[in-house]
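Each residue of the sequence shown is one higher than the one before, counting from 4 in my numbering.
Note that beta-carbon positions come from the ideal geometry of N, C-alpha and C, so glycine has one too.
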Amino acid sequence: MSRLAAAIALELRVQLRYGVIAVAAGLTAAWTAVLAVLPERVAATAAPFLLLVDTATFGALLVAGLLMFERAEGARATLAMTPLRTTEYLAARLVTLTGISVLSAAPIALVAARDRIGTAAEAVAALFPVLCGVGLATVLLLSLAGTMAGRAPELTRFLVVAPLPLAPLIAVPLGYLAGVLEHPAAFAVPTTAAAELVRLGVTPDAARLSGTGLAWAVGYLVLWCAGLVVVAVRHLRAELTHPTRAAHPTRVAAPVPDASPTAGAAHGAPPAPRHRRLPGGVLVALFLIDLRGVGRELVLVVIVAAPLLLALALRFGYPPVTGYVWREHGLDLGPYLPLALAVFVLLHVPMMAGSAGALRLVEDADDRTLAVLRVSPASLGWYLTYRVLLTGVAAVAGLAVAVPLSGLAPQGWGPGLAVAVLLAGLQAPLLMLAVTAVAGNKVGALAAVKGLGPVMLVPVAMWFLPDPAGWTLAWLPPFWPVQALWGAPAGIPLPAATALGLLVSAAVTALLARRTALRLREAQ
């Protein structure tokens, strides 16, 4: 077996171990099922967006997690002492993660283009441009994310910096697909060519380029992919050759201030103020530590800024998209406004806050930061309490800003919307605990975020279900904020829905917190 084949086999075992392949298979099955139940016209319109936003970007975060986990465990240094070449190491990672995205794209594209596929030849004609577009976009994003991860000292810093170059590579093609950016200058962003290939396979009648123009655009994309792969190889080779230059220091945990009144007396230090014996003093101390780290990690800044940016994007982007869909496909999205509010704001903001909280918590465990809790009054229970409160408050605050600013709630605040925001805020710490309950390191956490995040969107299926059938989703905590927003399924007063939503969320949160505490104690 060649070195490259052996490296690919090892990569597949690693991804199986951390659940990457299982998550990809689950997401593929879920999105294929969703598109299958949608009307053919709606499915064909939505599929290119889905393939670009979710399928092509699947490995971008995971490659960062894998690289940083290997660095922390010393696997990168070990690589320099093996016969495996740098190009073979990167090729194995690119081949496996790109293969996962391409295989995932196939059933999604087939079900989206089902209205024009009758023979095997037609299926191949539809699949070929889609798989090429997804594959090239995946290689480009993986190479860029891998290079940036190699320069970032830790995962949270990567998550702060990564959107700067990655966002245009995703936003511009989406604007092009939506008809908002139809100028040829959009192809200056290489991933726009990938979007055009995907649309050519799913809805060829809507494609803007063909022949020579498409060939030039794809060639430009291939050049970008090749250039970024070369940059990634050079960066990894430099890190292996000069580890002291490329390596970054691991975040050092700031000690939790001792809240006992006699702390420090044995060392001649003045005792801490007596009021810090109160539990609130521990929570405040933990928050102050986070604030002191904002300049370094910027996680709190991201949690605060992301809902604002999302709301502004929806406010100025959603109306042009609705106009384009009506002009090009004759589909009126006006009646779907409550659905858009639930998907893009009510449940998405808690997903962002919960994901950020989960990655920070797992990183604390990976970096042995939680070890300081053994010698401080801030026990593991108080640490988890702090993380739950911070994540929940951040989600509610983000929703309070994003809901009115997004323009998707034209009726303004009402009792149902207020309750929906409160119950939706509880989903952020619930997602955080769900991720940390099943993930033991950064790689597992990223895979869990990718897999568990979309589960929060499952209750929106009640929009398409008859009234009694919607209650089959009531066991999911995110069901209750959506129920409060829409008042559907009908038959339950708002106060009762509020109480049931609080009860279900609290019960699931308590179970997940117990599981998370057990995992963190093992990591201490």
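Quiz item: Three-state secondary structure (DSSP) at Trp416?
Solution: The count along the sequence shown starts at 1 and reaches residue 416 at position 413. In the three-state scheme derived from DSSP, where H, G and I count as helix and E and B as strand, Trp416 is classed as coil.
Quiz item: Within this structure, are the beta carbons of Ala450 and Val23 separated by less than 7 Å?
Solution: By one-based count along the sequence shown, residue 450 stands at place 447. By one-based count along the sequence shown, residue 23 stands at place 20. Yes. Within cutoff.
Self-check item: Distance, Phe161 Cα to Arg211 Cα
Solution: Indexing the sequence shown from 1 puts residue 211 at position 208. Indexing the sequence shown from 1 puts residue 161 at position 158. Near 35 Å, if we compare the C-alpha coordinates of Phe161 and Arg211.
Quiz item: CA-CA distance, Arg318 and Ala174?
Solution: Sequence index remark: in the sequence shown, residue 318 carries index 315 (1-based). Sequence index remark: in the sequence shown, residue 174 carries index 171 (1-based). Their Cα atoms are separated by approximately 15 Å.
Self-check item: Contact check, Thr101 vs Val234, beta carbons under 7 Å
Solution: By one-based count along the sequence shown, residue 101 stands at place 98. By one-based count along the sequence shown, residue 234 stands at place 231. Not in contact: Thr101 and Val234 (Cβ atoms no closer than 7 Å).
Self-check item: Gly504 versus Gln486 - alpha carbon distance
Solution: Along the sequence shown, one-based indexing puts residue 504 at 501. Along the sequence shown, one-based indexing puts residue 486 at 483. The C-alpha of Gly504 lies about 9 Å from the C-alpha of Gln486.
Quiz item: Three-state secondary structure (DSSP) at His351?
Solution: Sequence index remark: in the sequence shown, residue 351 carries index 348 (1-based). Looking at His351 - three-state DSSP - the assignment turns out to be helix.
Exercise. For Leu488, count neighbouring C-beta atoms within 10 Å of its own C-beta (all shown protein chains included) and say buried if the count is 16 or more, exposed if not.
Key: Working through the sequence shown from its first residue, we reach residue 488 at position 485. The residue is buried, with at least 16 neighbouring Cβ atoms inside 10 Å.
Quiz item: With a CB to CB cut of under 7 Å and the five nearest residues on each side skipped, what residues in its chain are close to Gly395?
Solution: As a working mapping, residue 395 is identified with position 392 in the sequence shown. In its chain, beyond the 5 residues on either side, Gly428, Leu429, Ala431 and Pro432 have a beta carbon closer than 7 Å to the beta carbon of Gly395.
Self-check item: Three-state secondary structure (DSSP) of Asp367
Solution: As a first step, residue 367 is located in the sequence shown; it is residue number 364 there, counting from the start. Helix, per DSSP.
Quiz item: Can you tell me whether Ser213 is buried or exposed, with buried defined as 16 or more other CB within 10 angstroms of its CB?
Solution: As a position in the sequence shown, residue 213 is number 210, starting the count at 1. Classified as exposed, Ser213 has fewer than 16 neighbouring CB atoms from the shown chains inside 10 Å of its CB.
Quiz prompt | Proximity winner among Phe52, Gly490 and Ala314, relative to Gly182 (alpha-carbon distances) | solution = Walking along the sequence shown from the start, residue 182 turns up at place 179. Minimum Cα distance to Gly182 is reached at Phe52.
Exercise. Verify whether the separation of the beta carbon atoms of Leu54 and Val201 is less than 7 Å.
Key: On the sequence shown, residue 54 is found 51 positions in, with the first residue counted as 1. On the sequence shown, residue 201 is found 198 positions in, with the first residue counted as 1. In this structure, Leu54 lies near Val201, with their beta-carbon atoms less than 7 Å apart.
Quiz item: Quick one: what does DSSP say Leu19 is sitting in, helix, strand or coil?
Solution: The residue you call residue 19 lines up with position 16 of the sequence shown. For Leu19, the three-state secondary structure derived from DSSP is helix.
Quiz item: Less than 7 Å separating the beta-carbons of Met71 and Lys445?
Solution: Here residue 71 is taken as the residue at index 68 of the sequence shown, counted from 1. Here residue 445 is taken as the residue at index 442 of the sequence shown, counted from 1. In contact: Met71 and Lys445 (Cβ atoms closer than 7 Å).
Self-check item: At least 3 beta-carbon pairs within less than 8 Å: the stretch 21-36 vs the stretch 397-417
Solution: Look at the beta carbons and you see the stretch 21-36 not touching the stretch 397-417: under three pairs across the two are nearer than 8 Å.
Self-check item: Straight-line Cα distance separating Ala229 from Tyr92
Solution: Walking along the sequence shown from the start, residue 92 turns up at place 89. Walking along the sequence shown from the start, residue 229 turns up at place 226. For the pair Tyr92 and Ala229, the Cα-to-Cα distance works out to about 16 Å.
Practice problem: Look at the alpha carbon of Val259 and the alpha carbon of Asp367, and state the distance between them as a whole number of angstroms. | Solution: Residue 259 sits at position 256 when you count from the first residue of the sequence shown. Residue 367 sits at position 364 when you count from the first residue of the sequence shown. Only weak support exists for where Val259 lies, its pLDDT of 44 falling under 50; the coordinates are left without a value.
Exercise. Please report how far the alpha carbon of Leu364 lies from the alpha carbon of Gly456, in whole angstroms.
Key: Here residue 364 refers to the residue found at position 361 when the sequence shown is read from its first residue. Here residue 456 refers to the residue found at position 453 when the sequence shown is read from its first residue. Whole-angstrom Cα-Cα distance: 17 Å.
Practice problem: Report yes if the CB atom of Val348 is closer than 7 Å to the CB atom of Val463, and no otherwise. | Solution: Residue mapping note: residue 348 aligns to position 345 of the sequence shown, counting from 1. Residue mapping note: residue 463 aligns to position 460 of the sequence shown, counting from 1. In this structure, Val348 lies away from Val463, with their beta-carbon atoms at least 7 Å apart.
Practice problem: Could you check how far apart the C-beta atoms of Ile120 and Phe61 are, in whole angstroms? I think they sit under 8 Å. | Solution: Position 117 of the sequence shown, counted from the first residue, corresponds to residue 120. Position 58 of the sequence shown, counted from the first residue, corresponds to residue 61. The beta-carbon distance between Ile120 and Phe61, rounded to whole angstroms, is 24 Å. This is too long to meet the 8 Å contact definition.
Practice problem: May I ask which residues mark the beginning and end of the alpha helix (DSSP H) holding Asp470? | Solution: Position 467 of the sequence shown, counted from the start, is the residue given in the question as residue 470. In this chain, the alpha helix (DSSP H) harbouring Asp470 covers Asp470 to Gly473.
Self-check item: Selection from Ser358, His351 and Leu239 that minimises the alpha carbon distance to Ser146
Solution: Taking the first residue of the sequence shown as 1, we reach residue 146 at position 143. If we check each option's Cα against that of Ser146, Leu239 comes out closest.
Quiz prompt | Of the listed residues Asp335, Leu342, Tyr389 and Pro338, nearest to Ala361 (C-alpha basis) | solution = Taking the first residue of the sequence shown as 1, we reach residue 361 at position 358. Per the Cα distances, Tyr389.
Practice problem: Examine the ligand FAD and report whether any of its heavy atoms sits within less than 6 Å of the Cβ of Leu402. | Solution: Among the components modelled here there is no ligand, and therefore nothing to report on the ligand FAD.
Practice problem: Grab the span of the alpha helix (DSSP H) containing Ser213 for me, first residue to last. | Solution: Residue mapping note: residue 213 aligns to position 210 of the sequence shown, counting from 1. No alpha helix (DSSP H) contains Ser213, which DSSP labels as neither H nor E.
Quiz prompt | Residue interval of the alpha helix (DSSP H) (run including Tyr92) | solution = Counting from one through the sequence shown, the residue named residue 92 turns up at place 89. Residues Thr89 to Ala115.
Quiz item: Quick one: what does DSSP say Asp57 is sitting in, helix, strand or coil?
Solution: Reading the sequence shown from its first residue, position 54 is the one you call residue 57. In the structure shown, Asp57 adopts helical secondary structure according to DSSP, grouped into three states.
Quiz item: If you compare alpha carbons, which of Ala198, Glu185 and Ala398 is closest to Pro132?
Solution: Position 129 of the sequence shown, counted from the first residue, corresponds to residue 132. For the set Ala198, Glu185 and Ala398, the Cα lying nearest the Cα of Pro132 is the one of Ala198.
Quiz item: Comparing alpha-carbon positions, which option in Thr89, Leu15, Ala442 and Tyr339 lies nearest Thr99?
Solution: As a working note, residue 99 is residue 96 in the sequence shown. That would be Leu15, whose Cα lies nearest to the Cα of Thr99.
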